[in-house]
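A quick write-up on the structure given underneath.
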Amino acid sequence: MSEKRFIDAIRDGLREEMAADAAVFLIGQDIGVNGGVFRVTDGLLEKFEAGRIIDSPLAESGMVGVAIGAAMNGMRPVVEIQFADFIFPAFNQVVSEAARMYYRTNGDFTVPMVIRAPYGGGARGGLYHSQSVEAYFAHVPGLKVVVPSNPHDAKGLLKSAIRDDNPVLFFEHKLAYNTVRGEISDGDYTVPIGEAVVSREGQHISLISYGLSVHHCLEAAETLSAEGISCEVVDLRTVRPLDTVTILESVKKTGRVCIVHEDNLTGGVGAEVAAIIAKDGFEFLDAPVQRVAAPDVPSFPYNPGLEDVLLPGPTDIVRAAKELAAY
Amino acid sequence: MSEKRFIDAIRDGLREEMAADAAVFLIGQDIGVNGGVFRVTDGLLEKFEAGRIIDSPLAESGMVGVAIGAAMNGMRPVVEIQFADFIFPAFNQVVSEAARMYYRTNGDFTVPMVIRAPYGGGARGGLYHSQSVEAYFAHVPGLKVVVPSNPHDAKGLLKSAIRDDNPVLFFEHKLAYNTVRGEISDGDYTVPIGEAVVSREGQHISLISYGLSVHHCLEAAETLSAEGISCEVVDLRTVRPLDTVTILESVKKTGRVCIVHEDNLTGGVGAEVAAIIAKDGFEFLDAPVQRVAAPDVPSFPYNPGLEDVLLPGPTDIVRAAKELAAY
Amino acid sequence: MPINSRLNESGLDQKDAQSIYRYMLLARSISEKSWLLTRQGRVLFSMPCDGQEAADVASAYALDTVTDFIVPYARSLGAMLVKGMTTQEVMLNMFGKAADPNSGGRQMPMHWGHKQLGIISMGSSVGTTIPRASGVALASKLRGQNAVTMVYFGEGSASEGDFHEGLGFAGVHRLPVVFFCNNNGWATSVPVSLQNAEPQVAKRAQGYGFPGVTVDGSDPLAIYQAVKAAVHRARSGGGPTLVEANTIRMMPHSSSDDHLRYRTQEDLENERKLDPIPLFRDFLITTGILDETSDQELQEFVDLEVEEAIELADAAPSAAAETAFNGVYAP
Amino acid sequence: MPINSRLNESGLDQKDAQSIYRYMLLARSISEKSWLLTRQGRVLFSMPCDGQEAADVASAYALDTVTDFIVPYARSLGAMLVKGMTTQEVMLNMFGKAADPNSGGRQMPMHWGHKQLGIISMGSSVGTTIPRASGVALASKLRGQNAVTMVYFGEGSASEGDFHEGLGFAGVHRLPVVFFCNNNGWATSVPVSLQNAEPQVAKRAQGYGFPGVTVDGSDPLAIYQAVKAAVHRARSGGGPTLVEANTIRMMPHSSSDDHLRYRTQEDLENERKLDPIPLFRDFLITTGILDETSDQELQEFVDLEVEEAIELADAAPSAAAETAFNGVYAP
Ligand SMILES: Cc1ncc(C[n+]2csc(CCOP(=O)(O)OP(=O)(O)O)c2C)c(N)n1
Ligand SMILES: Cc1ncc(C[n+]2csc(CCOP(=O)(O)OP(=O)(O)O)c2C)c(N)n1
Ligand SMILES: [Mg+2]
Ligand SMILES: [Mg+2]
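Residue numbers (our numbering), protein chains in the order written: chain E, 1 to 327; chain Y, 328 to 654; chain C, 655 to 985; chain S, 986 to 1316.
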């Protein structure tokens, strides 16, 4: 075990998988000499043969299309989209092509491709460098969508994603890169895609979340415990497929649920989690299903005051949890 | 009042709005001489001056980008995407640009644009001519999303959409064009965006739906009434913004809900409706919230047997409703 | 140029010419019969390739049909046959049956894909194939394999942004890929004049730093020669080429289309003069490579092959309905 | 060519030349001071335009600044000034304040848009502006107005599919639009050699059926002349032109970038010789249009204007936090 930053865990994961499998290569904007705008790929260029790290032209659809083609011809590309916000030009390639290649060819072709992208607000990036985009992809059969919250999971899930024969979207909160640290297993390990984990045990309320918001939940749980409210924090880790077993077990235990994400409320991943609970967890429920999320505004404005008022955080979770506890 | 086909109602709406406002123009593939692949614009070319109906190159992103630009310079474009499935190349223009223009310019610019597209399965169109895509857009602040079920609403909502200063997505089920008929008001009328309607009153179960699926609900309600189960059918008509008042009123009345759509289950519009009910309708609920939707498969395969087994229909609704009634 | 030396110059021998002719006849026969099947309601959809058989067949003939890759589009039937898809397989595809190697009936007819044959699967969203082809070629290059990838598309689809992004990337990395554009002058009902102000797609190549050539789409020898050179260039590290064939579309866009809504009979009849099949037949007969009798026999043989395939495909089982739920994710 | 006749030939008079020079100085001063503000943490983001002031200013100068439209990109500061945005407004934008006419602090700095000035709002997603510009021009044409639309973008952004689709459409409809590419050789850290095998973007124009020209981006007279001709062509129904200026990028990509990770000092110093401001100053002084004293005065005046704007903008109120919830939908 050793302590690592989130960013280093991801870089280690990339380096180890590239070293282990010659089919793995990276493609993205500014990922070569420059090491990526967040420096995730810093130092990798020197370590590998030419062609293993490709600085792409400014053309997201082409980049993903190229990766799909390479994946269909035996490679395992890892694409970096500079900001999650800029995945939309490639939406058609991801949703119409990568996601359904296996199904449409009746199992003949696979697309073992990973798309990594930094997401999330709080970095004063304005409307186009702050978005959460996981909900769009969590709706798509054929895709897997991973949003890790800590270095250990990030590395283990990234390795699983690269070894997976399906296209996987892998979202990394940009604030996590340098601020989130954690213990990480030694050696080669993986974390399975599709399994949630209980990050903190609790009795009264289930806080269900993923990505950076898990830390807000843990913080809120700490605050609430001082007031005698015991929260269980479920870290989904994967938002497609959802681990319904772990979700429902927690609901069964607590009977009260608050789902938390940084994405906009309406049609976010929280909606699906709430719908699952409203059906299969109905008998366990002692209170309305709460959601804490960004309001329905197009991402976060640039001006810090305007951004901060929209960013969901521990205070909002505490408020919602108290409402639940009082119900 | 007169009886019209769904397709004629839409064509009338287009023609009347074009005649009434010189700023309205149409752009799409094959919509000119050919009248559109579904013939929605049939006969319009001769009626209007050159330039009012533009046959676009095969370039959806460009087409929508052009429409946005024209809308920002005083026009009210109506874009036809040939099949809803082909809106994905334009996803970035719709989601990053049109949806947030008003917000990002602090109210300086509006984008009064309508995007029409035929959606839905059952026409043996295979994986790329059968999709429901409304959920992707229902997640986007700044967009309005309309899915009418009958000729009267289609015409009235289309007129509202064209006169709206926000970008509106308008989805028309391709099976409805020639098979769904209905009475339609005379003269110039509109139907407001954002208001659901109760298509059939009932006591025991609320069937909440939109688009062609409303007809499946009505059929199921008829079947169920023979067995003493009284269903209320709520036609959402608009899936963003959702009419939560009408939804909750119906749930309050019945206490049992089944949401129905043709789109895939996970992350569909039904998830958001269920989440709203699980929160604000929790006290009214007497049973788990059910959803009837297409399974999580990438759209509908071409082979009729493979398609039919996936298409949700009246039988599925009857089954779900009986489960609810028995709960 | 004397007719015989045209053959010599193209690099093809008499056997090749016969083989190309046979594939062209086969593609035409399948296309025509598929059309009839849609009129009879036995098949639900077809996209005829009538008029572009020379382009498809002769271009694919310039590939190493075992190791090279094809990224097709819906009208690439001729190329599919050259690449090794059997008439039987094509007909299983037309009928959407379980044994269809392209998709087991999941995709619409003529949505090709066959991993073992090196045919990279296509969906319906046009243009997406183009960067994919660059990616297939990139993979070959990264592994040091000298396979060439050829991608087919229509001039209408070349308006999509993916065309631009796919060609741009291939240029930068000098990828072993040939971009083959069938310019038939129509994107469904939209004439080329409303698609692009420059009607020849090949003119765009210089913007990507590699050559573009336009050839007569009714002349299999010219097509073969142009593509052979492009394939050689690609295989020897010279990078991509954009080859454009000016072809004709003798039939409606698809079985759902009625081209008389936007084309005149006269226009269609004029175009028929460029039908590559009688033109090539005349050439082969004039040069003594073919005689009337063997042509007659060949046509009958081909028709028989297609008829048999139709009957077998029609009788073949569809995939069991429950299988529609399967195979969303690879294990 | 004798220096004075160069001015005559360009169609500009002495006053114009002085005005262009003043705008160039102003853009440089704002850009430099904004950079400093980011280093001080008073402003959070900037995208310097240092090195491309001639391209931005002289091109915009060729427009009718009242009736024509500009679709800018983040480095189009010089064009914004010519189009009528005040230094004060620019600084309100840099500080993200409520009175910023571009977005009231909602967008990042240098994300321009101002309806009354005919500046069409841009977001961050590069390339999307290009078909939008064609749409703005289409609207003018449909209404029979003879406004011209000019859209600015970098050569890196010209790799996006939207570039292709925007130019294609404009060509077909002969729209009154000028596509202006600032080719500074870099897309952040990616050199043009990794962006496209053909380094000159203007070469792509012929593929869309209209002319493309490349000009020296450090020479305001050449730029003005080329754009003037393009604007004239557009206004008189001749359709679009793609004008490419070979410019330099003297500063890092943005305040978040460190260009020494991928560029050498030597490279930067060499490029500095093409700095358009001293070059144009020399020209003006040699031709007697400017003297050292008035130049000095002008620079001080400009700097003062910027300093004052900074202080006012810094002191100006931010939008109230609760307003962040407002204005998602137009009423
Ligand atoms: C992205 C997308 N938009 C629209 C369509 C509908 N469509 C299918 S083929 C076609 C025309 C294609 O024209 P072209 O590329 O010239 O090929 P051709 O049919 O002439 O051989 C259209 C509009 C589609 N399949 N995909
Ligand atoms: C769609 C999209 N992808 C990536 C980015 C990130 N990005 C912003 S500017 C830029 C480089 C732009 O290069 P160029 O167009 O040449 O303009 P320059 O900065 O050189 O003036 C990149 C990669 C973006 N803004 N939008
Ligand atoms: Mg064509
Ligand atoms: Mg550049």
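Every residue, glycine too, gets a C-beta built ideally from N, C-alpha and C.
Please determine whether the Cβ atom of residue 357(Y) lies at a distance below 8 Å from any heavy atom of ligand 1.
Here residue 357(Y) is taken as the residue at index 30 of the second sequence, counted from 1. For ligand 1, at least one heavy atom lies less than 8 Å from the Cβ of residue 357(Y).
In terms of DSSP beta bridges, what is residue 311(E) paired with?
Translated into positions along the first sequence, residue 311(E) becomes position 311. Answer is none; residue 311(E) lacks a bridge partner.
By the three-class DSSP mapping on this structure, what secondary structure does residue 620(Y) have?
As a position in the second sequence, residue 620(Y) is number 293, starting the count at 1. Strand at residue 620(Y).
Can you give me the start and stop residues for the alpha helix (DSSP H) that residue 1078(S) sits inside?
Taking the fourth sequence and counting its residues from 1, one reaches residue 1078(S) at position 93. Unbroken alpha helix (DSSP H) run through residue 1078(S): 1072 to 1079.
Taking 8 Å as the cut-off, does the CB of residue 893(C) come closer than this to any heavy atom belonging to ligand 2?
Here residue 893(C) refers to the residue found at position 239 when the third sequence is read from its first residue. No, ligand 2 has no heavy atom inside 8 Å of this Cβ.
Residues in its own chain within less than 6 Å of residue 611(Y) by CB, not counting five upstream and five downstream?
Position 284 of the second sequence holds residue 611(Y). Counting only Cβ-Cβ distances below 6 Å, and skipping sequence neighbours, we find 578, 579, 582.
Listed in chain order, which residues are found with a beta carbon closer than 7 Å to a heavy atom of ligand 4?
In chain order, the hits are 1139(S), 1140(S), 1141(S), 1167(S), 1168(S), 1169(S), 1170(S), 1171(S), 1172(S), 1234(S).
Which residues does DSSP list as the beta-bridge partners of residue 559(Y)?
Locating residue 559(Y) in the second sequence gives position 232, counting from the first residue. Answer is 533(Y).
Any Cβ of chain Y within less than 9 Å of the Cβ of residue 699(C)?
Along the third sequence, one-based indexing puts residue 699(C) at 45. Yes, because at least one Cβ of chain Y sits closer than 9 Å to the Cβ of residue 699(C).
Are any of the Cβ atoms in chain Y nearer than 9 Å to that of residue 1100(S)?
Residue 1100(S) sits at position 115 when you count from the first residue of the fourth sequence. At least one chain Y Cβ lies under 9 Å of residue 1100(S).
Given this structure, state the Cα-to-Cα distance separating residue 433(Y) from residue 1096(S), to the nearest angstrom.
Position 106 of the second sequence holds residue 433(Y). Position 111 of the fourth sequence holds residue 1096(S). Rounded to whole angstroms, residue 433(Y) to residue 1096(S) spans 13 Å at the Cα level.
With a 10 Å radius around its C-beta and 16 neighbouring C-beta atoms as the bar for buried, classify residue 1119(S) as buried or exposed.
In the fourth sequence, residue 1119(S) corresponds to position 134, counting from 1. Per the 10 Å Cβ criterion, buried.
Cβ of residue 732(C) within 8 Å of any heavy atom in ligand 1?
The count along the third sequence starts at 1 and reaches residue 732(C) at position 78. Every heavy atom of ligand 1 is 8 Å or more from the Cβ of residue 732(C), so no.
Against residue 52(E), what residues of chain Y qualify as contacts under a CB-to-CB distance less than 8 Å, listed in chain order?
Walking along the first sequence from the start, residue 52(E) turns up at place 52. Chain Y residues near residue 52(E): none, gap ~29 Å exceeds 8 Å.
Just the chain C side, please: which residues come within less than 7 Å of residue 93(E) by C-beta, in chain order?
Walking along the first sequence from the start, residue 93(E) turns up at place 93. By Cβ distance, chain C contributes 782.
Between the alpha carbons of residue 946(C) and residue 936(C), how many angstroms are there, rounded?
By 1-based counting over the third sequence, the position of residue 946(C) is 292. By 1-based counting over the third sequence, the position of residue 936(C) is 282. Approximately 10 Å between the Cα atoms of the pair.
I'd like to check one pair, residue 11(E) with residue 44(E): are the Cβ atoms closer than 9 Å?
Numbered from its first residue, the first sequence carries residue 44(E) at position 44. Numbered from its first residue, the first sequence carries residue 11(E) at position 11. It is a contact, given that the beta carbons lie within the stated cut-off.
Would you say residue 446(Y) touches ligand 1, meaning its beta carbon is less than 8 Å from a heavy atom?
Position 119 of the second sequence, counted from the first residue, corresponds to residue 446(Y). Residue 446(Y): no, Cβ never under 8 Å from ligand 1.
Could you pull out every residue in the same chain whose Cβ sits closer than 7 Å to the Cβ of residue 1066(S), ignoring the five residues on either side in sequence?
In the fourth sequence, counting from the first residue as 1, residue 1066(S) sits at position 81. The residues are 1008, 1011, 1012.
Exposed or buried, residue 1250(S), counting other C-beta atoms within 10 Å across all chains shown (16 or more means buried)?
Numbered from 1 along the fourth sequence, position 265 holds the residue referred to as residue 1250(S). With fewer than 16 Cβ atoms within 10 Å of its Cβ, residue 1250(S) is classed as exposed.
Classify residue 740(C) as buried or exposed, calling it buried when 16 or more other Cβ atoms lie within 10 Å of its own Cβ.
As a first step, residue 740(C) is located in the third sequence; it is residue number 86 there, counting from the start. Under this definition residue 740(C) is an exposed residue.
Given a limit of 8 Å on CB to CB distance, which residues of the segment 115 to 145 of chain E reach chain S?
If the cut-off is 8 Å between Cβ atoms, the segment 115 to 145 of chain E has 124, 125, 126, 127, 128, 129 near chain S.
Leaving aside the five residues before and after residue 1159(S) along the sequence, list all residues of the same chain whose C-beta is less than 6 Å from its C-beta, in chain order.
The residue given as residue 1159(S) occupies position 174 in the fourth sequence. Result list for residue 1159(S): 1224, in chain order.
In the DSSP output, which residue or residues are listed as bridge partners for residue 835(C)?
Taking the first residue of the third sequence as position 1, residue 835(C) is located at position 181. Beta-bridge pairing links residue 835(C) to 807(C), 898(C).
So is the beta-carbon of residue 125(E) under 8 Å away from any non-hydrogen atom of ligand 2?
By 1-based counting over the first sequence, the position of residue 125(E) is 125. Every heavy atom of ligand 2 is 8 Å or more from the Cβ of residue 125(E), so no.
Looking at the structure shown, is residue 407(Y) part of a helix, part of a strand, or coil, going by DSSP?
What you label residue 407(Y) is simply residue 80 of the second sequence in a count that begins at 1. Here residue 407(Y) sits in strand by DSSP.
Kindly identify the DSSP beta-bridge partner or partners of residue 1199(S).
Here residue 1199(S) refers to the residue found at position 214 of the fourth sequence. Looking at the DSSP assignment, residue 1199(S) forms a beta bridge with 1229(S).
Within 8 Å, do at least three Cβ pairs link the segment 738 to 757 of chain C to the segment 838 to 847 of chain C?
As far as the Cβ criterion goes, the segment 838 to 847 of chain C does not touch the segment 738 to 757 of chain C, which means the pair count is below three.
Taking Cβ-Cβ distances shorter than 7 Å, what residues in chain S pair up with residue 860(C)?
Sequence index remark: in the third sequence, residue 860(C) carries index 206 (1-based). 1183, 1188, listed in chain order.
Just to check my reading of the structure: residue 28(E) and residue 56(E) have Cβ atoms closer than 8 Å, yes? What is that Cβ distance to the nearest angstrom?
Locating residue 28(E) in the first sequence gives position 28, where the first residue counts as 1. Locating residue 56(E) in the first sequence gives position 56, where the first residue counts as 1. Their Cβ separation, rounded to whole angstroms, is 6 Å, which keeps residue 28(E) and residue 56(E) in contact under 8 Å.
Quick check: the Cα distance between residue 422(Y) and residue 1163(S), rounded to an integer number of angstroms?
Within the second sequence, the letter at position 95 stands for residue 422(Y). Within the fourth sequence, the letter at position 178 stands for residue 1163(S). Rounded to whole angstroms, residue 422(Y) to residue 1163(S) spans 26 Å at the Cα level.
Between residue 455(Y) and ligand 1, is there a pair consisting of the residue's CB and a ligand heavy atom that are separated by less than 8 Å?
Counted from its first residue, the second sequence places residue 455(Y) at position 128. True, at least one ligand heavy atom lies under 8 Å from that Cβ.
Given that residue 277(E) touches chain Y, what residues does it touch there, using C-beta distances under 8 Å?
By one-based count along the first sequence, residue 277(E) stands at place 277. Result: 605.
Rounded to whole angstroms, what is the Cα-Cα separation between residue 779(C) and residue 1275(S)?
On the third sequence, position 125 is the one that residue 779(C) refers to. On the fourth sequence, position 290 is the one that residue 1275(S) refers to. Residue 779(C) and residue 1275(S): Cα-Cα distance of roughly 59 Å.
Can residue 780(C) be considered in contact with ligand 6, in the sense that its beta carbon sits closer than 8 Å to one or more heavy atoms?
Ligands in the displayed structure: ligand 1, ligand 2, ligand 3 and ligand 4; ligand 6 is not one of them.
Starting from residue 1179(S), find everything on chain C with Cβ-Cβ shorter than 7 Å and list it in chain order.
To locate residue 1179(S), count along the fourth sequence from 1; it is residue 194. Those are 826, listed as they occur along chain C.
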